[in-house]
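Heads up: take any position in the sequence shown, counting from 1, add 333, and you land on our numbering.
We treat Cβ as the ideally placed atom computed from N, Cα and C, and that holds for glycine.
Structure first, commentary second.
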Amino acid sequence: MADAGRAVCPSLLSCYSNWWNSLTENSLHHNRGFSPVTEKPTRPWGGTFHYLFLLLDLAKVGGRQSVPNAQHSADNILGLWSFTFSRVHWQPSLTSRQTGLLLLGMKENPELKTIQATLSRHGVEHQYLPSEELKQRFPNIQLARGEVGLLDKSGGVLYADKALRVLQDAIRQLGGIVHDGEKVMEIKPGLPIVVKTTSSSYQARSLIITAGPWTNRLLRPLGLELPLQTLRINVCYWKEKAPGSYSVSQAFPCFLGLGLSLAPHHIYGLPSREYPGLVKVCYHHGNNADPEERDCPTAFADIQDVHILSRFVRDLLPDLEPEPAIMEHCMYTNTPDEHFILDRHPKYDNIVIGAGFSGHGFKLSPIVGKILYELSMKLTPSYDLTPFRISRFPSLGKAHL
Numbered sequence: 334m335a336d337a338g339r340a341v342c343p344s345l346l347s348c349y350s351n352w353w354n355s356l357t358e359n360s361l362h363h364n365r366g367f368s369p370v371t372e373k374p375t376r377p378w379g380g381t382f383h384y385l386f387l388l389l390d391l392a393k394v395g396g397r398q399s400v401p402n403a404q405h406s407a408d409n410i411l412g413l414w415s416f417t418f419s420r421v422h423w424q425p426s427l428t429s430r431q432t433g434l435l436l437l438g439m440k441e442n443p444e445l446k447t448i449q450a451t452l453s454r455h456g457v458e459h460q461y462l463p464s465e466e467l468k469q470r471f472p473n474i475q476l477a478r479g480e481v482g483l484l485d486k487s488g489g490v491l492y493a494d495k496a497l498r499v500l501q502d503a504i505r506q507l508g509g510i511v512h513d514g515e516k517v518m519e520i521k522p523g524l525p526i527v528v529k530t531t532s533s534s535y536q537a538r539s540l541i542i543t544a545g546p547w548t549n550r551l552l553r554p555l556g557l558e559l560p561l562q563t564l565r566i567n568v569c570y571w572k573e574k575a576p577g578s579y580s581v582s583q584a585f586p587c588f589l590g591l592g593l594s595l596a597p598h599h600i601y602g603l604p605s606r607e608y609p610g611l612v613k614v615c616y617h618h619g620n621n622a623d624p625e626e627r628d629c630p631t632a633f634a635d636i637q638d639v640h641i642l643s644r645f646v647r648d649l650l651p652d653l654e655p656e657p658a659i660m661e662h663c664m665y666t667n668t669p670d671e672h673f674i675l676d677r678h679p680k681y682d683n684i685v686i687g688a689g690f691s692g693h694g695f696k697l698s699p700i701v702g703k704i705l706y707e708l709s710m711k712l713t714p715s716y717d718l719t720p721f722r723i724s725r726f727p728s729l730g731k732a733h734l
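So, in C-alpha cells, the structure goes:
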C-alpha cells in the first residue's frame, strides 16, 4: 500500500489484500522485499472513531449487476467481518454491534423503494414501518405526514479504529509487517516496482495503492489522474436532553434519512455510545478540501452544512439539543458516480488501484481487499468489476495517461 499523506488513509484495503492471501495460502505475496506501508493515525480514524453504519447497500455498489456481496458463509456485512476475523482471536463486541438500520423517507421515495426491493431480492430480513407504527416504535423520532420507515435488522455499527487495530495485529501474527508513519515520496514502475518513503526503499512484484484523498498525488507521476473529488465532512455530535434516550441500551438504531428536511444529500445518525449522552448525526456530503489542509478554519460552506443538520435535528429528533456539542472532521474521496474504483493502472498492470470509496467503502473492505488481492496476483476476479473500472469515465482520455 502506498500512503502519501500525514493523516490516516483507508489503509485497511491493501493490508487486507495481503492478509487474505495469508489466510488462504499461508504466505504474503508482498513479502519479497516489500511490506504494506501504512500510516498510524495520530487521532482516531477519520478524525473520530467514525462509526460507519453497515447498510447492505447493494444498490449503491452495482445495483442489479454482479455485486460484491456476502457470499463468504455469511448473509450480511457483520457476517463478512466475522468471516474475515475467523482465523484470529477476536471478540466481535470489540469491533461491531448489531443495532439495526432504520431508513427514513417519504412513502413514494424511489431510493427507499429500490433499497426495499434489493433487500427483498437478497433475502435480507427487514420490516416496513408505516407512519403510525413508526411513531409507536420510535416515539423520539418525529416524522411528517407521509414519511415511513424501513428497518434492516442486520444493520449496525462497525468501530473502524478498533477493527483496524485487530486487523493489523492479525497481519503481524501471520508474518506481515506494518510500517507506520512513512510518507511515500516516489513510486518507480517496472519489475520490480520501487517505492521510496521517508524512511526506506522497497521493491515488489506488484503494488496496491489505496491512498484515499492522496491518490492522485501518487498517480500523477505515473501518468494517471482519476476524477476524484476530495471533501471535508463535518462529523457532529448532539447532546441528548434526556440522557440515554437515543442510546444503544434503549435499542435505538442507526438511521439514514432519504430526502428529509429538504436536504439535498443523505443525513445519517448513530446511537449514543462513543461520547456518552451524545448522538452522532452527520451530513453525507462535504466541501472541496485539500487533505493537507483539512484542519484549517471552517469555511462558510461548512457552516451551511451544519445549519442543514441543525434543522434536521430540530424537526426530527426533538429530544436532542439543536446545536452540535462537538464537531470534528473526516475526509471523503468521491467519484462522479460514487462507485468505487477497483482496477489496474492502464499502463502498468502490476500496479493496482483502490480509490473513490465515496464515504461508504470501509464496511465492504473485506470483499474489496479480496478483489484487490486477486487483481494484484492477476487472478480472475470473483466478481464482475465492470462498474468499478477506470474506463467507465469517458472524459478520462489519453491526456490523462
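Under the three-state reduction of DSSP output, residue 640 falls in the helix class. Per DSSP, the unbroken alpha helix (DSSP H) holding residue 494 starts and ends at 493-506. Burial state of residue 485 is buried, judged by a 10 Å Cβ sphere holding 16 or more other Cβ atoms.
Taking C-beta atoms as the reference points, residue 586 and residue 432 count as a pair closer than 7 Å. According to DSSP, residue 608 shares a beta bridge with no other residue. Residue 644 holds the alpha-carbon nearest to the alpha-carbon of residue 657 among 518, 728, 565 and 644. Ranked by Cα distance from residue 700, the options 628, 457, 718 and 538 are led by 718. Burial check for residue 724: the Cβ neighbour count within 10 Å stays below 16, so the residue is exposed. Pairwise C-beta distances place the stretch 559-579 in contact with the stretch 604-617, as three or more of them are shorter than 8 Å. Only residues of its own chain outside the window of five on either side were considered, and among them 577 have a CB closer than 7 Å to the CB of residue 583, listed in chain order. With respect to the 7 Å criterion, residue 465 and residue 439 are not classified as neighbours on the basis of their beta carbons. According to DSSP, residue pairing for residue 676 in a beta bridge involves 686. DSSP, read as helix, strand or coil, puts residue 555 in helix.
When beta bridges are read from the DSSP output, residue 533 appears opposite no residue.
Residue 503 is classed as buried because its beta carbon has at least 16 other beta carbons within 10 Å across all chains shown. With fewer than 16 other Cβ atoms inside 10 Å of its own Cβ, residue 443 counts as exposed. In the three-state reduction of the DSSP assignment, residue 589 falls in the strand class.
Distance from residue 543 to residue 688 at the Cβ level is roughly 7 Å; contact confirmed, criterion being Cβ atoms closer than 8 Å. CA-to-CA, the gap between residue 678 and residue 641 works out to about 39 Å. Cβ atoms of residue 619 and residue 565 come within 8 Å of each other, at about 5 Å. When only Cα atoms are considered, residue 476 and residue 704 end up about 41 Å apart.
Here the stretch 536-551 lies against the stretch 510-528, with 3 or more beta-carbon pairs under 8 Å apart.
Minimum Cα-Cα distance from residue 680 among the listed residues 556, 537 and 506 corresponds to 556.
Excluding its 5 nearest sequence neighbours in each direction, residue 606 has C-beta neighbours in its own chain below 6 Å: 581, listed in chain order. Per DSSP, the beta bridge partners of residue 613 are 570 and 603.
Judged by their CB atoms, residue 695 and residue 493 are nearer to each other than the 7 Å cut-off. Looking at the DSSP output, residue 620 bridges to 565. In the three-state scheme derived from DSSP, where H, G and I count as helix and E and B as strand, residue 701 is classed as helix. Pairing residue 683 with residue 435, the inter-Cα distance amounts to about 42 Å.
Taking 7 Å as the cut-off, the Cβ atoms of residue 636 and residue 616 do not count as close. Counting every other CB atom within 10 Å of its CB across the protein chains shown gives residue 454 a total below 16, marking it as exposed. Measuring C-alpha to C-alpha distances from residue 515 to each of 526, 533 and 508 identifies 533 as the nearest.
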